[in-house]
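S.K.: Counting in my numbering, the sequence shown runs from -7 upward without gaps. I am attaching a structure below and will ask some questions about it afterwards.
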Amino acid sequence: MRLLRRRSRPKVPGRPPASARAVRRTALTAVALLGVAAVCGAGVLDPGATLDKTTADDARDLLPPEILKHYRNGDYRNAVVDFPNSRWKWDDGFDAATRWNAEHLVLDEHKSPVDKTTGKRPDYITGLPFPDIRDDDPDAGAKILWNVDYAYYTGGNSRNLVLLSWVSRSGQDRSAVQDVRFLYYDGQPRKYAPASNPENFLFQFLALSISPADLQGTAALGHRYKDPTKRDANWAYVPALRRVRAVSPANRSDGFLGSDTSQDDGFFFDGKPEDFTWKVVGHRDGLRIVDPDSIAGKVVRHPLPGGGWRTISTNNDRAAGFQVKGWPGVAWAPVAAGVARRRFWILEGVPKDKYYLYGRLELWVDDYTWQGAWNRKFSWQGELLNTYQVTGFATAPFNEHESWWGATFAMEVSENVKGDRATVAGLNGPGAEPPNDRRLPLDPVFFDYQTLNRFGK
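Structure, rendered in structure tokens:
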């Protein structure tokens, strides 16, 4: 059989072989396609876009999976906004305190901040305790959490009259009005702190139920100590029992008043750092819920006659899905919020107390503002149970020298992932201008457990 031999084209001087040209064409095509994909992918979630079911796939690496699912299903829908670091400003003196901390503070064997020269905790700490975080530092997780705490404590003594709302997929089932006060012995500008601290407190808090009638007079009191080996002291007063009862620190992980929000949720994570083992498991870009009008500088606040400042929640009546007529998503969706791209440290925390409700926590922390975004809580068997979803804010001035977070609404969502329900905390309580106050003069006597029953019916 005669074999046919394919005739090759004559070679052109200076021209590469056909095989080389084919490889080059393929490479150029691939580069072009990648370029188009990169441009399209970058633009889909740029500020001005909307994150919803049509764009959710472009956020698949930027959100916790259970939150991404809400966008894919149409449960959540939010505008994408820009949150530049330039919208963030600390008090005068905060940066200087942070620089001092960088030179002097280290962690002791309990992972508590101490002066490296004396080995003791300073009498008073302001600024960020550990501004220089390295990925390869085995103590980075604990240091990040201390930054989260002190970035929050600098906001100062507080009083908030807020709603705690039990929410199903379709609407609000019930709500309770809570009057909550915090007194800080560290972190805030020192002139606002108590003059003395003989008990070595870090902070004290009191939460009092105002309504409904079946909860009225119920009170929860807590004392946290600077001593890393001293557990939180907690008490509860239940009017029906007419007695004050001590409560285990592990109970701070339980649902507050039967809700899906716990005392350890607080502003993001309010557990005692030394009660957990922390490590960094990631450092990457992600998306978070934010207050767009806060970023735009539309915060309204004014000084109070007796001292301190009150912030007016101008967007309070449209913060959650159940407040907006015709909202098609889930009732706990953050409707007034936007989403912004930020860079996060991702921490993993394991409680040392085996009676703690959750076996593992995953915290997403903004690496510039030190505000938390997502607090994911897993069972001791590793099953996701609850995701705490926290709004981020820009800063706004109290006066020409003092500045801290400024909000036009406050809303934190504790979603019971398995129960398909949530608790919404932080919405305004009753009244034309309910307390949303900071840097208040508060009397330590107010937080005495021996007089807790004075709040009874």
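Built from N, CA and C at the ideal position, the CB exists for glycine as well. Everything numeric in this text was worked out from a predicted model, so none of it was measured.
1) Counting pairs of Cβ atoms below 8 Å between the region 69 to 83 and the region 279 to 299, do you hit three or more?
2) Rounded C-beta distance between Phe260 and Val382? I'm assuming under 8 Å.
3) Is it the case that the region 165 to 181 contacts the region 302 to 315, given that we only count it when at least three CB pairs across the two stretches are under 8 Å?
4) Within 10 angstroms of its Cβ, does His294 collect 16 or more other Cβ (buried), or is it exposed?
5) In angstroms with no decimal places, state the Cα-to-Cα distance between Gly250 and Ser162.
6) Which whole-angstrom value describes the C-beta separation of Lys103 and Ala143, a residue pair presumed to lie in contact below a C-beta threshold of 8 Å?
7) Does DSSP put Ile136 in a helix, in a strand, or in coil?
8) Suppose the cutoff is 6 Å on Cβ atoms and the five residues either side in sequence are ignored; what does the same chain contact list for Leu434 look like?
9) Helix, strand or coil, according to DSSP, for Ala30 in the structure here?
10) Any idea if Tyr360 is buried or exposed, counting beta-carbon neighbours within 10 angstroms, 16 or more meaning buried?
11) Quick one: using the 10 Å Cβ neighbour count with 16 as the cut-off for buried, is Glu95 buried or exposed?
12) Flag His275 as yes if its beta-carbon sits less than 8 Å from any beta-carbon of chain D, otherwise no.
13) Whole angstroms is fine: what's the gap from Pro130's alpha carbon to Gly274's?
14) Would you mind sorting Ser463 into buried or exposed? The rule is 16 or more other CB atoms within 10 Å of its CB.
15) With a CB to CB cut of under 7 Å and the five nearest residues on each side skipped, what residues in its chain are close to Asp277?
16) So, are the CB atoms of Ser240 and Ser254 less than 8 Å apart?
17) Label Arg183 either buried or exposed according to how many other C-beta atoms from any shown protein chain fall within 10 Å of its C-beta, with 16 as the threshold for buried.
18) Restricting to Cα atoms, I'd like to know which of Ala312, Asn391 and Phe370 is closest to Ala414.
19) Quick check: the Cα distance between Pro39 and Val342, rounded to an integer number of angstroms?
20) Beta-carbon within less than 6 Å of Trp356's beta-carbon, same chain only, minus the 5 sequence neighbours each way: which residues are those?
21) Going by the DSSP bridge assignment, what does Val437 pair with across the sheet?
22) Measure the Cβ-Cβ separation of Tyr380 and Ala242 and say whether it is below 8 Å.
M.R.: The relevant details are as follows:
1) yes
2) 5 Å
3) no
4) exposed
5) 20 Å
6) At roughly 18 Å, the Cβ-Cβ gap does not stay under 8 Å, so Lys103 and Ala143 are not in contact.
7) Ile136: helix per DSSP, three-state reduction.
8) Asn149 and Leu175
9) Note that Ala30 has pLDDT 40, beneath the 50 cutoff, so the model's placement of it is unreliable and the number below is only indicative. Helix at Ala30.
10) exposed
11) exposed
12) In the structure shown, chain D does not exist; there is a single protein chain.
13) 13 Å
14) Any answer about residue 463 is impossible in this case: the structure gives the chain only from -7 up to 449.
15) Here the set comprises Leu54, Arg333 and Arg335.
16) no
17) The question names Arg, yet the displayed sequence has Lys at residue 183. It counts as exposed.
18) Comparing Cα-Cα distances from Ala414 to each of Ala312, Asn391 and Phe370, the minimum goes to Ala312.
19) The alpha-carbon atoms of Pro39 and Val342 are separated by roughly 36 Å.
20) Within the same chain, Cβ atoms closer than 6 Å to the Cβ of Trp356 are found at Phe336, Ile338, Ala365 and Trp366, the five residues on either side in sequence being excluded.
21) DSSP output for Val437 lists no bridge partner at all.
22) no
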